[in-house]
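Take the sequence shown: its position 7, counted from the start at 1, is 55 in our numbering, and no numbers get skipped.
For each residue, glycine too, the CB sits at the ideal point set by N, CA and C.
The structure appears right after this line, and notes come after that.
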Amino acid sequence: MIAWIPVTLMAALAQTLRFVAQRHLKRTSLSTAGATFSRFLFSAPLVAATLLAYAALAGEPLPSPSPAFWSFVLPGALAQICATACVITLFGLRNFAVGITFKKSETILTAIVGLILLGEGVSVGGGVAIGLGVVAVIVLSGEAGRWSGRAVALGLGSGLLFAISAVCYRGAALSLGDAPLLTLSIAALILAV
């Protein structure tokens, strides 16, 4: 089996479990800011351990951040925090599913933000896939009359903010130099947390 398939499935499962835990925290004991902070508080040691373990196993020195790195990673981290707060706020709305459907616009928006910020284009096949994604978001969102303006705004806002975050993290990782991409990505992630 191709390695990215199980990795993607594990990431989707982890994201779902994380959102379930954050929803529980929001509903039972924490504010939106507290539930958002919990994501970063609990992930920081895991990401740091992953970076150190990978660097030790790969025998690669840790990359050194440059000013270009910080110009990408800081807005990326801020966008991720705000996007997470949007999603957690969605948990309290009656039409949570509509908002989460619009959050799925993240993939579409990532292609647009990547073109704007990094000048990275999309292949014809990628363009077709993005077009299908647009159709899927429209179909899954249901009748326009069911939409709450707030749920749609939070869903699209989180999608856009997660897209900005992803593209900024990519820009930050690429600015670190010529180390293996996984090392660069993990280093960018831990410095962002």
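Would you call the CB atoms of Ala227 and Pro111 closer than 7 Å?
yes
Quick one: measure Cβ to Cβ for Lys152 and Val135, integer angstroms, because I've assumed they're closer than 8 Å.
Not really, about 12 Å apart at Cβ, beyond 8 Å.
Drop a sphere of 10 angstroms on the beta-carbon of Val172, count the other beta-carbons inside from all chains shown, and report buried for 16 or more, exposed for fewer.
exposed
Helix, strand or coil for Ile164 per DSSP?
helix
Glu168: which of Ala81, Leu99, Gly219, Leu204 sits nearest, CA to CA?
Gly219
Do you know how far the Cα of Leu100 is from the Cα of Ala159?
31 Å
Less than 7 Å between the beta carbons of Leu188 and Val95, yes or no?
no
Where Leu232 and Ala221 are concerned, what is the direct C-alpha to C-alpha distance, given to the nearest angstrom?
Annotation: Leu232 to Ala221 spans about 5 Å, alpha carbon to alpha carbon.
Touch check for the segment 210-218 and the segment 117-136: three-plus C-beta pairs under 8 Å?
yes
Check Ser213 in the structure and name its three-state DSSP category.
helix
Would Gly175 and Thr155 qualify as a contact pair, given that the criterion is a beta-carbon distance under 7 Å?
No.
Inspect the beta-carbon positions of Thr64 and Thr137 and report whether they are closer than 7 Å.
no
Buried or exposed: where does Ala116 fall if 16 or more other Cβ atoms within 10 Å of its Cβ makes it buried?
exposed
Ignoring anything shorter than 3 residues or poking outside the segment 96-130, list the beta strand (DSSP E) runs there in chain order.
none
Taking the C-alpha atoms as reference points, what is the distance between Leu141 and Ala240?
29 Å
Select from Ile50, Ala69, Val170 the residue whose C-alpha is nearest the C-alpha of Arg285.
Here the chain has residues from 49 to 241 only, and residue 285 is not among them.
Residues in the same chain with beta-carbon distance under 7 Å from Leu157, minus the five sequence neighbours each way, listed in chain order, please.
Gly207, Leu208, Ala211
By Cβ distance below 8 Å, which residues in the same chain neighbour Val185 in space, the five residues on each side in sequence not counted?
Thr149, Phe150, Lys152, Ser153, Ile156
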